[in-house]
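J.: Structure incoming, see below.
Numbering (the working numbering), first residue to last: 137 to 1349.
In structure tokens form, the structure reads like this:
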């Protein structure tokens, strides 16, 4: 590579110096995480502003050790005076501004001032935060440093201490340093485009940093963006590299220990030949050479810094690029021309904005001409038009030098881009800048596939899919899917869904893309801020340490991921990724040369550079990518991947389950709401696709509900929906129709309930055809199969159990009230036998494990149900009562316990009634209201206890009986709420006959405080009455009405979703009775005996009922999934159509069309005005030529003696 040529300093009146030329280097893509990072930077800056002392101390200690300034150490009086007429040194500073040692007699006395000898470095005294007085609270960063500071130190300061993200692009803006005029539309287009390219690509903009010329234009562009953008759009990094000695009011920035913040005053009126810093720049690098008032000092350091930054590699996801650089030119003079020449010579692309004036317009006018036509005379002609003020001072040698440079610039057309507003199809500056970089990448550095690959990586790095579509994916280049795999992985990691969609459109097949190693690599590069990453780290922390002799392997393995996923999906699923066998060695791939290495010497490119024999594809690549996107809460990416999924209903329900589980542990409120919203969205997608399926074919749709999905851990859609508590899905008409079908077994669902009960009571009616069956063979067949089918139907089993349970309760009540003898009667023994059958049924439910979850898991599932807990409680209480009942001395306590147990058995009826569409929702409301009562009782207890204690202490003196204390404090206070006023509280019904004076009578309360002589109450009646009134006011009026309001709110809230909740809970009852033996208690013991022989004696394994979980044949399953995919596409098309029909979308479309029409009209008007300007310019040039020709003729006639000199008009008249 050619060494960079340092630019020469131009005058302050002409230049805002520009860019160090640098060829675009190769390779890769980078993430676009600017928004979150920029928000983080804002937080950090506000912390610095308001006292983040620790970080300030680190900066204050690091900068003096690494950053230096320059000071003149030898005062030599200059022949020139300062603006104030004071004597100054050759460095430009006055005697008072020098250090004391610089003015003393020196060893250099009498020698000429030499900056190399007489200027020394010392720790800088100006750095920190900068705030522009009167211009808001925007905080920037600044530092004063020596011109000899290594660029690596500056770059370290910017990225580590200033908190800047490494840029994806470096934009160096150069041009005129004096204020110049631009057409309003061109100015608007330039500002909008420059900020857009910086904001969308994550670029740094580097300028001269002063409030004049092109730097002012850039600053105002950033200001307009800041005012119009939202807080979440991030900020544009604008770095001003200026000369310290030319900054006006720079003394405000001097703080030896750092300014946090330093207040800077912009004083344009009093700046003289100095310049003020621009308030819209975010960072300032003030270059110091020890002099005052000399411009151009910063140019060499800026050149080296830009060169150093452009050589840095930004890497993410295994793919990396060297930071590209582009030079943007507005207006400018000789120094700008030299800057462009240096940039082009060193391979840096340049974008010249036509219409901005001077050098930019000269180059733009001749850029399209052949080199042979770019002559001195043509350049001289252009200079006369665009440099009218200084044209007369230009010498022929200077013009010839300019012509040569312009020829060299135009000769390398691949590095030169002219932005012409309204011409050549160009609309925005940002597109022109990015197109210039892509065009430059087609230089001799890259050939063939490498060139196109490099361009694509640049487009992905900038996150500009529009550039990729228009410039890269064209007919000129046909991409192989395998060539897109590395950038596809980088786009996934960087969360760039538009690029993922683009790659899928251009042939990337997920089945070929997602290999085992690719998936492992994606999980190794999870977003560290996501909750799944922290859960995965916990699993890794619990992993035992590997022995030293074991082969090296990446720390994260897929079985770790599977462990976390099973926690989220539930233990009812099988692990999605198997644990490797003991003998398996972890795959380590050979790296490819010239590729950045990331994890265990495995590179991203190496994942796709293997022989086909080593490729290990996953079972369902779409599922794997969908999970990877969902766990990071990436909505757009997951939406694109889900559209590619095969088992889409199960995938949507699984996503809903994962997101709901993650939201339970998410602490950030915004992320939690996003997760729940996304979970709800995927539930609606599952409903949408299932609705399409159910509309087409009910039977096939119901197969989708119960099909065992191998991809999702051998579970079913119905099970996923139930575990995720997706009530809307479960309450869908198709799902409810299926559950109703299961509920009725082999019976037709249109059989009346009275027919079922009649046949239950008199089963011979089955032979009369009173009950209809779904299968014809049962309807017309022999009687025994019909009887078996009837009594195996869950609806029949349920009603038989209801009749049995009512009989049990009636018998239990009869024994308790009528036939409870010291020696148990026959009826009581029947109760014991009946309860034993109930215990056996509960044990069967506990140990029934068709899915082989294990005893612990089944126990957890069993006790997670409230009604099972109630059953166990009732049985244990019955056993306790029975134990007491069999002991003669405890017969009565046993009867009391059994009486209480009867209440618990009666409460069990509520669960039976949940199947009723009328009573079921009401029971749900009652359960919710019980929670309200619990919290109400807590509030009520405060008032009851406080009033009761106060009343008891005022009325009764030293009551020692605990039972009467409880009656006085709690019982009487509680009854007062319902109108039973406590005795003696007002002294009206005072009577010593109704109480015990000394509290010795166990059946009477102790007498209140009284006058023993007059037999009158002695306590303050007025106080107790006031307390009673206040107590009734708060409890009867306030608290009771609060309870009514709570009930009303709960009722309204639950009533809206009661139907969904009832339909959701209906499944549990259907599943319970679908798996129950047909005989009711106590005859169910026969079924239990049969089951015992079958499982324990004969060792026949349990089987899941096929109606709720069925495994299909491969061909049938493939056909079913293909049908589901077809209807999913139909659903997505309907969604797109509905989206377009929404009023908001229509308004937006109309607005876009109007904007397009306005732009077209403006462009047409601009073209016409441009054509008119060209014609006028041509006409003016012709008139000038005619004027000069006429003057020549007149002069020739005069010299020939024709006419006199009087009356000859001047040439310009």
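Cβ atoms here follow ideal geometry from the backbone N, Cα and C, with glycine treated the same way.
Kindly give me the distance between the Cβ atoms of residue 548 and residue 480, rounded to whole angstroms, as I take these residues to be in contact under 8 Å.
T.: Confirmed, Cβ separation roughly 5 Å.
J.: Please classify residue 1334 as buried or exposed, where buried requires at least 16 other C-beta atoms within 10 Å of its C-beta.
T.: Classification for residue 1334: exposed.
J.: Output the boundary residues of the alpha helix (DSSP H) element that contains residue 1053.
T.: Note, residue 1053: premise wrong, no alpha helix (DSSP H); not H, not E.
J.: Take the Cβ of residue 1093 as the centre, count every other Cβ of all protein chains shown within 10 Å, and call the residue buried at 16 or more, exposed below.
T.: So residue 1093 ends up on the exposed side.
J.: Within the stretch 286-361, note down every full beta strand (DSSP E) run reaching 3 residues or more, in order along the chain.
T.: Here the runs fully enclosed are 305-311, 339-343.
J.: Please classify residue 372 as buried or exposed, where buried requires at least 16 neighbouring CB atoms within 10 angstroms.
T.: Under this definition residue 372 is a buried residue.
J.: Per DSSP, which one or two residues make a beta bridge with residue 265?
T.: In DSSP, residue 265 forms a bridge with 277.
J.: Determine whether the Cβ of residue 856 lies closer than 9 Å to any Cβ atom of chain C.
T.: Among the chains in the structure shown there is no chain C, since it carries only a single protein chain.
J.: Give the single residue among 657, 669, 666, 610 whose Cα lies nearest to the Cα of residue 641.
T.: Measuring from the Cα of residue 641, the nearest candidate turns out to be 610.
J.: How big is the Cα-Cα spacing for residue 1059 and residue 1006?
T.: Approximately 16 Å, taken between the alpha carbons.
J.: Give me whichever residues DSSP pairs with residue 259 in a beta bridge.
T.: Answer is 204, bridged to residue 259.
J.: Reducing DSSP to helix, strand and coil, say where residue 597 ends up.
T.: Here residue 597 sits in helix by DSSP.
J.: Residues in its own chain within less than 7 Å of residue 595 by CB, not counting five upstream and five downstream?
T.: Here the set comprises 603, 604, 608.
J.: May I have the straight-line CA-CA distance separating residue 1336 from residue 533, to the nearest angstrom?
T.: Cα to Cα, the separation comes out at about 36 Å.
J.: On the premise that residue 281 lies in contact with residue 204, defined as a C-beta separation below 8 Å, what is that separation, rounded to the nearest angstrom?
T.: Contact flag correct, Cβ pair sits at about 7 Å.
J.: Using a 10 Å radius around the Cβ and a threshold of 16 neighbouring Cβ atoms, would you call residue 1338 buried or exposed?
T.: Exposed: under 16 other Cβ atoms inside 10 Å.
J.: In the structure shown, what three-state DSSP assignment does residue 1030 receive?
T.: Helix, per DSSP.
J.: Alpha carbons only, please: which of 863, 1031, 795, 822 is nearest the one belonging to residue 809?
T.: Of the candidates 863, 1031, 795, 822, the one whose C-alpha sits nearest the C-alpha of residue 809 is 795.
J.: So, with DSSP's three-state summary, where would you put residue 489?
T.: Residue 489: strand per DSSP, three-state reduction.
J.: Please classify residue 1280 as buried or exposed, where buried requires at least 16 neighbouring CB atoms within 10 angstroms.
T.: Exposed: under 16 other Cβ atoms inside 10 Å.
J.: Taking the alpha-carbon positions, what's the residue 580 to residue 403 distance?
T.: In this predicted model, residue 580 has a pLDDT of only 48, less than 50, meaning its place in the structure is not dependable enough to derive any value.
J.: Quick check for students: name the residue ranges of the beta strand (DSSP E) that lie wholly in the stretch 1109-1189, counting only runs of 3 or more.
T.: Within the stretch 1109-1189, no complete beta strand (DSSP E) run reaches 3 residues.
J.: Does residue 565 come out as helix, strand or coil in the three-state DSSP assignment?
T.: It is helical.
J.: Can you check DSSP and say which residues form a bridge with residue 457?
T.: Note: residue 457 sits in a beta bridge opposite 450.
J.: For residue 398, report the span of its beta strand (DSSP E) as first-last.
T.: Start and end: 395-400.
J.: Closer than 8 Å to a non-hydrogen atom of the ligand ATP - does that hold for the CB of residue 225?
T.: Ligands displayed in this structure: none; no statement on the ligand ATP is therefore possible.
J.: Note the first and the last residue of the continuous alpha helix (DSSP H) segment covering residue 870.
T.: First-last of the alpha helix (DSSP H) with residue 870: 869-880.
J.: What are the start and end residues of the beta strand (DSSP E) that includes residue 419?
T.: 419-424 is the span of the beta strand (DSSP E), which, as asked, contains residue 419.
J.: Comparing C-alpha positions only, which one of 879, 850, 894 sits nearest to residue 989?
T.: Of 879, 850, 894, the residue nearest in Cα terms is 850.
J.: Nearest to residue 788 by alpha carbon, out of 436, 705, 1294, 267?
T.: Among 436, 705, 1294, 267, the Cα nearest to that of residue 788 is on 705.
J.: Is there contact between the stretch 535-545 and the stretch 468-480, where contact requires at least three CB pairs shorter than 8 Å?
T.: These segments touch.
J.: Going by alpha carbons, who is nearest to residue 931 out of 1202, 195, 981?
T.: It is 1202.
J.: Would DSSP call residue 989 helix, strand or coil?
T.: Residue 989: coil per DSSP, three-state reduction.
J.: How about residue 308 and residue 459: are their beta carbons less than 9 Å apart?
T.: The answer is no: Cβ separation not under 9 Å.
J.: If you reduce the DSSP assignment to three classes, tell me which class residue 238 lands in.
T.: Residue 238 falls in the helix class under three-state DSSP.
J.: Measuring alpha carbon to alpha carbon, tell me which of 303, 1024, 451, 693 ends up nearest residue 675.
T.: It is 693.
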